[in-house]
Amino acid sequence: MLDSNAPPYKLVSTRVREAVLSERAQPFEPVYSDQQSLFVTFSNGFPLTESQIFDFFNRTYAPGLVERVIVPRPRGGTGQSLHGRVVFKNTAIPVLVMRNFEKVCFTVDGRPFYCKRFVSKKRRSADTASTSIRDGGSHPGGEE
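Position one of the sequence shown corresponds to residue 72 (this note's numbering), numbered consecutively onward.
Spelled out as structure tokens, the structure:
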């Protein structure tokens, strides 16, 4: 039989340890998956699967570098996907893959695919808005 006067839980400890950071620790900077990603495109009629892309990077560079590969299905469910995204486990990997090029081409099973740095729609629109020229026009974005 349960004791109705007993507390609903047992207190184990009231001590709390404080975490102390090293004075030499680097400041925390969050990493967004955009910084770890490459945008991939396929030629029409030569689509690649997520596993083909995943295996390519594991074979070509090193196993375990790829976090995930996303190849969205076309709208309507018919046709072939012409693009995808590769998310790596580290921000240095896209830099290694791209070297100093804006676009690079690889071949998997005789099918070409192109890589470029991934820029999210959010970041792209923010960059465009911040660099727009105010020209005094009456169109949206121009000063009245």
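Glycine included, C-beta positions come from ideal geometry on N, C-alpha and C.
Practice task
Please confirm whether Asn-165 and Phe-159 have their CB atoms less than 8 Å apart.
Solution key: Reading off the sequence, residue 165 comes out as Pro, not Asn. Yes. Within cutoff.
Handout entry: Cys-176 burial status per 10 Å Cβ neighbour count (16 or more: buried)
Key = exposed
Problem - Local conformation of Gly-181 per DSSP, three classes - result: coil
Practice task
Provide the residue(s) that pair with Phe-159 in DSSP beta bridges, ordered along the chain.
Solution key: Val-137
Exercise for the section: Find the nearest neighbour of Leu-167 within the set Ser-108, Ser-93, Leu-92 and Ala-96, judged by alpha-carbon distance. Expected result: Ser-108
Exercise for the section: Would you mind sorting Gly-155 into buried or exposed? The rule is 16 or more other CB atoms within 10 Å of its CB. Expected result: buried
Practice task
Answer with buried or exposed for Val-140, where buried requires no fewer than 16 other C-beta atoms within 10 angstroms of its C-beta.
Solution key: buried
Exercise for the section: Can you grab the Cα-Cα spacing for the pair Asp-126 / Pro-183, in whole Å? Expected result: 15 Å
Practice task
Starting from the Cα of Ser-114, find the closest Cα among Lys-192, Arg-188, Val-190 and Gly-181 and give me that residue.
Solution key: Gly-181
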